[in-house]
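In this text, residue positions in the sequence shown follow the working numbering: the first is 73, and each later residue adds one.
Built from N, CA and C at the ideal position, the CB exists for glycine as well.
Working notes, structure below.
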Amino acid sequence: MTHLPGSGTFTPSTATPQHRAAGPEVIRAVILTISDTRTATTDTSGQYLKNELQQAGHELVEYLIVKDDAVEIRAALTRLVHRADLILTSGGTGIAGRDVTIPVVESMLVKPIPGFGELFRMLSYQQVRGAAMLSRATGGLTRGALLFAMPGSLNAVQTAWESILKDELRHLVFEVLRQGQPGSASPPLPATMAGPAAAPAMPPTPAGTPPVHPAPAAPGLLSTHINQGASAGIGRHAGVIGSDPLVHGAAGLGRHAATGEHGALKDPSKDTVKDDPQR
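Encoded structure:
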């Protein structure tokens, strides 16, 4: 039992550790750095995430850098969501003219996880005070993977990874899989968490009657990655027009593309090179 100042006592949950333990040991991850200026050599945030994932025993499927361009970001994410269970992006979460990561990410989420951004800004406030509100860091579930968008600075990425994501990755994947997802091809995990049940015996087939095939058994416990069923369209919004990038506009700025909200993209030839977004 933990004693909390001013709030009596708090009994830790016993379910959360069980759910963490039930998650897959190895998670397939992608790192996407979004920057006009960084390279593989100068991308300290990307290299940090790469090392952390590998040290934790997860599989790094791909690491790449794209420009602060909504079309490039959307193209990369659209391809990557079907290759991994987890996508971590850094950069472009601020409010500068070229910061267009968040509108693209939000337009691809079918189940947002607002708590990620809330926790990140709460932790950032302790370090940078009111400047924490400048970050629009967000995350959630897309049609094929968990996706978390972080600021570009190394300090911000360290905060998000060490204080929020690192210890919850297995729990996140477990929660996505354990009851299945609406519109998903993957069935939920068995209630007993003991693997798939045996298929019921089929009655004898009368002569001249076409054979009846039993339904396929459920997949093994957490052996199916998120994208096996999620590519079919997870969540109640999966099939709606709003999920179509063509409807969002070529810039991929979500439902506000036609109104200019979120900031319209400028002619790159008129832009000056800026530093990567910090907090």
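C-alpha gap between residue i and residue j, whole angstroms
{"i": "Glu-152", "j": "Val-102", "result": "The sequence given here has Leu at residue 152, not Glu. Whole-angstrom Cα-Cα distance: 7 Å."}
{"i": "Val-248", "j": "Arg-215", "result": "11 Å"}
{"i": "Pro-84", "j": "Asp-239", "result": "16 Å"}
{"i": "Ala-217", "j": "Thr-109", "result": "27 Å"}
{"i": "Gln-126", "j": "Ser-235", "result": "18 Å"}
{"i": "Arg-92", "j": "Thr-105", "result": "28 Å"}
{"i": "Val-176", "j": "Thr-161", "result": "12 Å"}
{"i": "Ala-87", "j": "Ile-137", "result": "38 Å"}
N-terminal and C-terminal residue of the alpha helix (DSSP H) that residue i is part of
{"i": "Ile-174", "result": "173 to 180"}
{"i": "Ala-203", "result": "It is not in any alpha helix (DSSP H) - Ala-203 carries neither H nor E in the DSSP assignment."}
{"i": "Leu-149", "result": "142 to 152"}
Residue nearest to residue i in terms of C-alpha spacing, selected from the options
{"i": "Asp-208", "options": "Ile-167, Ser-235, Pro-184, Asn-227", "result": "In the sequence on display, residue 208 carries Arg and not Asp. If we check each option's Cα against that of Arg-208, Ile-167 comes out closest."}
{"i": "Arg-191", "options": "Lys-183, Leu-181, Ser-179, Met-205", "result": "The question names Arg, yet the displayed sequence has Leu at residue 191. The candidate whose alpha carbon is nearest that of Leu-191 is Met-205."}
{"i": "Tyr-197", "options": "Thr-231, Arg-155, Ser-117", "result": "Thr-231"}
{"i": "Gly-227", "options": "Gly-118, Ala-93, Asp-141, Gln-90", "result": "The displayed chain sequence assigns Asn, not Gly, to residue 227. Ranking the options by Cα distance to Asn-227, first place goes to Gly-118."}
{"i": "Gly-189", "options": "Ile-174, Gln-199, Met-180", "result": "Ile-174"}
{"i": "Ser-179", "options": "Thr-210, Gly-187, Leu-195", "result": "Thr-210"}
{"i": "Leu-132", "options": "Gly-163, Ala-112, Ala-142, Val-98", "result": "Val-98"}
{"i": "Glu-124", "options": "Val-182, Trp-233, Thr-161", "result": "Trp-233"}
Endpoints, the beta strand (DSSP E) within which residue i is located
{"i": "Thr-210", "result": "210 to 213"}
{"i": "Leu-104", "result": "100 to 106"}
{"i": "Thr-161", "result": "158 to 162"}
Buried/exposed call for residue i, threshold 16 Cβ in 10 Å
{"i": "Ala-336", "result": "Low confidence applies here, because Ala-336 scores a pLDDT of 40, under 50, leaving its location unreliable; read the following figure in that light. Per the 10 Å Cβ criterion, exposed."}
{"i": "Met-222", "result": "buried"}
{"i": "Pro-89", "result": "exposed"}
{"i": "Pro-96", "result": "buried"}
{"i": "Gly-129", "result": "exposed"}
{"i": "Thr-165", "result": "buried"}
Distance between beta carbons of residue j and residue i, contact taken as under 8 Å
{"i": "Arg-100", "j": "Asp-157", "result": "5 Å"}
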